[in-house]
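If you're matching positions, the sequence shown starts at 1 in this note's numbering and goes up one per residue. Glycine residues also receive a C-beta, built at the ideal position from the N, C-alpha and C atoms.
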Amino acid sequence: MSEKAILLVEDNPDDELLTLEALEANRIGNNVIVARNGVEALDFLFGEGAYAGRDVMDWPAVVLLDLKLPKIDGLEVLRRIRADERIRQLPVVILTSSNEEEDRLKGYTLGANSYVRKPVDFDQFVRAAGQLGLYWLLLNETPRG
């Protein structure tokens, strides 16, 4: 698995490392772009700031989006993705430690493709990352092919 990039939006360095290690353990070789806050994620997606000039039509295969982010939270990032015609069909998986029913409801209401709670156990997290990779990088067919 190593074609399209994955956009990981995660502010916690430990969770970032855990996610990267879990992807590697599952031999998911896609390039992973890490945005550490909501502003950085939106800059990447819309080709602004440090990513000025980036082709916004070159979508990542999937966005793995944490909810509790600095500057702009994950739900607002999702809202802005779904509000923009150029990228509204981009697959977005909420990957969070939040078990709040309200977060799940808001996430799906705003158009999340999936809501995955981060397992606390590393082995469970590795399995979950493998399943996410298999589905979103190999099995899922996006409207953009």
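Given that a residue counts as buried once 16 or more other Cβ atoms are within 10 Å of its Cβ, and exposed if not, what is Glu-141? exposed
With distances taken Cα to Cα, identify the nearest neighbour of Tyr-115 among Leu-95, Glu-100, Phe-125. Leu-95
The alpha helix (DSSP H) with Ala-41 in it runs from where to where? 38-46
Val-56 and Val-92 - do their beta-carbons sit closer together than 8 Å? no
Ranges of the alpha helix (DSSP H) found wholly within the stretch 54-92, counting only runs of at least 4: 74-83
What residues are listed by DSSP as bridge partners for Thr-96? Arg-117
Let me know if Asp-66 comes out buried or exposed under the rule of 16 or more other beta-carbons within 10 Å of its beta-carbon. buried
Closer than 6 Å by C-beta to Ala-35: which residues in its own chain qualify, once you throw out the five before and the five after it? Chain order, please. Val-9, Ala-41, Phe-44
From the DSSP output, in three-state form, read off Leu-7 for me. strand
Per the contact definition of three or more C-beta pairs closer than 8 Å, is the stretch 9-24 in contact with the stretch 123-137? yes
Between which two residues does the beta strand (DSSP E) harbouring Ala-35 extend? 32-35
Throw me the rounded Cβ distance for the Lys-4 and Ala-61 pair, which I believe falls under 8 Å. 4 Å
Buried or exposed: where does Asn-99 fall if 16 or more other Cβ atoms within 10 Å of its Cβ makes it buried? exposed
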